[in-house]
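Residue numbers (this note's numbering), protein chains in the order written: chain A, 772 to 969; chain B, 772 to 969.
Have a look at the structure below, then the notes.
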DNA sequence: GTCTATAGGCAGATAGAC
DNA sequence: GTCTATCTGCCTATAGAC
């Protein structure tokens, strides 16, 4: 009989990705090693290489899973069917959760290290940002139709500004370890897009 | 007779700092080695260790020089005596120049790698951001007095938002190698602070 | 001040037993 | 699938000659 019931233990590849993801988000792709992951999971380095032949493949898998999880979160937000400002607030709260876990956005971290990364990872990073901006662009257009948002440029430009602003707020909040600092920047960023009271 | 005339060749410590700075801004502190600097300057690794005993000391020196150069640039902007919006634009153009050189802000890069850095470097990074925000706070208050800027929160909050926004725009523009992308985000960020036409 | 030589450790990666 | 053992190369750093 197939195991349809969820179990507390997850498969080894997922546990590897979990540990590696946390390490990359906290220390960067050049700041962690297979040995770090192995010691954290109490497995050997060779076992890691069995599941992910090289660091490049591990990196690709990390981005792929992270982007898929992000896409799921955005879909979930759409499913709630709220107003555009509410969706933007929900979007920003994803970033706040990342900071609360003492992490950087995975792809923000990799954007900093971009020049040192293998090509497949680079392509995937750009895809992540493109997907986020495409979703935000749709929300911003919705807000304009609703009259809940007032843009002074294109929706695509505003989407880029939101992604940049949130990534930067996350980045600069790291040294301070200050969530309130992030929140202030995020709120200011989003309220600057809100329509004047009608 | 003392050498008062400037020469084309600069001293070795400066040349080391120049090469290391470029490498850190492009590849990160964990993404370059003494060997990289040595081969670029055609000197031995041992010579590097003579001037900077360890990587930590080199890192401290890098931040110190970078912060001092930034402080000089801000002083120069003050010396021009323009309006607050003009000063903000000049401030943003410093970041644009960094991006045009295909680099990340040194301290923005180090903020990403923060968890992996020695304590002295951490302290210096926070000092850099504090100094920048203090200067921006002064400019923003000037703008409020002049009536050229209209803040809906404290000057300190707006200063944080500007630093975050510019660092984030720099970070996300890296994968795309797109200066226009940065410019759009910077302009949007600054115009959102401008006072409505009186 | 700069060099060669080298130490000692850790990186990513592989072979082959179980 | 996971292990031990090992390889090769690069890392930071130091010793000592010039």
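C-beta: ideal position from N, C-alpha, C; glycine also.
Original post:
For chain A, is any of its Cβ atoms less than 8 angstroms away from the one on residue 956 (chain B)?
Top reply: At least one CB of chain A lies nearer than 8 angstroms to the CB of residue 956 (chain B).
Subject >> the segment 872-890 of chain B contacting the segment 798-805 of chain A, beta-carbon criterion three pairs below 8 angstroms >> reply: Yes: the two stretches touch, three or more of their Cβ pairs being nearer than 8 angstroms.
Original post:
Relative to the C-alpha of residue 787 (chain B), which residue among B:797, B:813, B:798 is closest?
Top reply: It is B:813.
**OP:** Compute the Euclidean distance between the alpha carbons of residue 776 (chain B) and residue 945 (chain B), then round it to the nearest angstrom.
**Re:** The pLDDT assigned to residue 776 (chain B) is 48, lower than 50, so where the model puts this residue is not dependable, and the model offers no usable value.
Subject >> Proximity test, Cβ basis, 8 angstroms: residue 934 (chain B) and chain A >> reply: Answer yes: the Cβ-Cβ gap between residue 934 (chain B) and chain A drops below 8 angstroms somewhere.
Subject >> Distance, residue 930 (chain B) Cα to residue 870 (chain A) Cα >> reply: Answer to the nearest angstrom: the Cα atoms are 20 angstroms apart.
Subject >> For residue 965 (chain A): DSSP bridge partner residues >> reply: According to DSSP, residue 965 (chain A) bridges with A:920.
**OP:** In angstroms with no decimal places, state the Cα-to-Cα distance between residue 839 (chain A) and residue 863 (chain A).
**Re:** Between residue 839 (chain A) and residue 863 (chain A), the alpha-carbon positions lie close to 17 angstroms from each other.
Original post:
If you run the structure through DSSP and keep just helix, strand and coil, what is residue 873 (chain B)?
Top reply: In this structure, DSSP gives residue 873 (chain B) a state outside helix and strand, which the three-state scheme calls coil.
Original post:
Does the distance from the C-beta atom of residue 795 (chain B) to that of residue 859 (chain B) stay below 8 angstroms?
Top reply: A distance of 8 angstroms or more separates the beta carbons of residue 795 (chain B) and residue 859 (chain B).
Original post:
Does the count of Cβ pairs from the segment 892-903 of chain A and the segment 912-931 of chain B closer than 8 angstroms reach three?
Top reply: In short, these stretches do not touch, since the Cβ pair count stays below three.
Original post:
Thinking C-beta only, is residue 855 (chain B) closer than 8 angstroms to residue 917 (chain B)?
Top reply: With respect to the 8 angstroms criterion, residue 917 (chain B) and residue 855 (chain B) are classified as neighbours on the basis of their beta carbons.
Original post:
Nearest chain A C-beta to residue 893 (chain B) closer than 8 angstroms, yes or no?
Top reply: Closer than 8 angstroms to some Cβ of chain A, the Cβ of residue 893 (chain B) qualifies, so yes.
Subject >> Residue burial classification, residue 759 (chain A) (beta-carbon count within 10 angstroms, cutoff 16) >> reply: Because chain A is modelled from 772 through 969, residue 759 (chain A) falls outside the range shown and cannot be assessed.
Original post:
Ordered along the chain, which non-local residues of its own chain (more than five positions away) have a Cβ less than 7 angstroms from that of residue 783 (chain B)?
Top reply: Same-chain partners within the cutoff: 822.
**OP:** Closer than 8 angstroms by C-beta to residue 880 (chain B): which residues in its own chain qualify, once you throw out the five before and the five after it? Chain order, please.
**Re:** Here the set comprises 795, 796, 799, 800.
Subject >> Residue range of the alpha helix (DSSP H) that includes residue 792 (chain A) >> reply: Start and end: 783-798.
Original post:
Using DSSP with H/G/I as helix, E/B as strand and the rest coil, what is residue 845 (chain B)?
Top reply: Note: residue 845 (chain B) maps to helix in three-state DSSP.
**OP:** Show which residues of chain B have a CB atom less than 7 angstroms away from the CB atom of residue 896 (chain A).
**Re:** 946, listed in chain order.
Original post:
With a CB to CB cut of under 6 angstroms and the five nearest residues on each side skipped, what residues in its chain are close to residue 960 (chain A)?
Top reply: Here the set comprises 936.
Original post:
Looking at the structure shown, is residue 910 (chain A) part of a helix, part of a strand, or coil, going by DSSP?
Top reply: Correct three-state label for residue 910 (chain A): helix.
Subject >> Short CB-CB distance (under 8 angstroms) between residue 887 (chain A) and chain B >> reply: Contact with chain B is found for residue 887 (chain A), since one of that chain's Cβ atoms lies less than 8 angstroms from the residue's Cβ.
Original post:
Along chain A, which residues have their Cβ under 8 angstroms away from the Cβ of residue 938 (chain B)?
Top reply: By Cβ distance, chain A contributes 939, 942, 943.
**OP:** Might you give, ordered along the chain, the residues of its own chain that have their beta carbon closer than 6 angstroms to the beta carbon of residue 845 (chain B), omitting 5 neighbours on each side?
**Re:** Excluding residues within five positions, the ones whose Cβ falls inside 6 angstroms are 906.
Original post:
When you compare each of B:962, B:953, B:963 to residue 866 (chain B) by their alpha carbons, which one comes out closest?
Top reply: Of the listed residues, the one whose Cα sits closest to residue 866 (chain B) is B:953.
**OP:** Specify the secondary structure class of residue 938 (chain A) as computed by DSSP and reduced to three states.
**Re:** If DSSP states are grouped into helix, strand and coil, residue 938 (chain A) belongs with the helices.
Original post:
Which bits of chain A does residue 879 (chain B) rub up against, with CB to CB less than 7 angstroms?
Top reply: Neighbours of residue 879 (chain B) in chain A, taken as residues whose beta carbon is under 7 angstroms from its own, are 942 in chain order.
**OP:** Give the interface partners of residue 841 (chain B) over in chain A, defined as CB-CB distance under 9 angstroms, in chain order.
**Re:** By Cβ distance, chain A contributes nothing, its closest Cβ being about 15 angstroms from residue 841 (chain B), past 9 angstroms.
Original post:
Cα-Cα, which of A:938, A:940, A:882 is closest to residue 718 (chain A)?
Top reply: There is simply no residue 718 (chain A) to check, as chain A begins at 772 and stops at 969 in what is shown.
Original post:
Taking 8 angstroms as the CB-CB cut-off, is residue 884 (chain A) touching chain B?
Top reply: Closer than 8 angstroms: yes.
Original post:
Can you tell me whether DSSP reads residue 960 (chain A) as helix, strand or coil?
Top reply: Reduced to three states, the DSSP call for residue 960 (chain A) is helix.
Original post:
Can you name the start and end residues of the alpha helix (DSSP H) that residue 811 (chain A) belongs to?
Top reply: Where residue 811 (chain A) is concerned, the enclosing alpha helix (DSSP H) starts and stops at 805-812.
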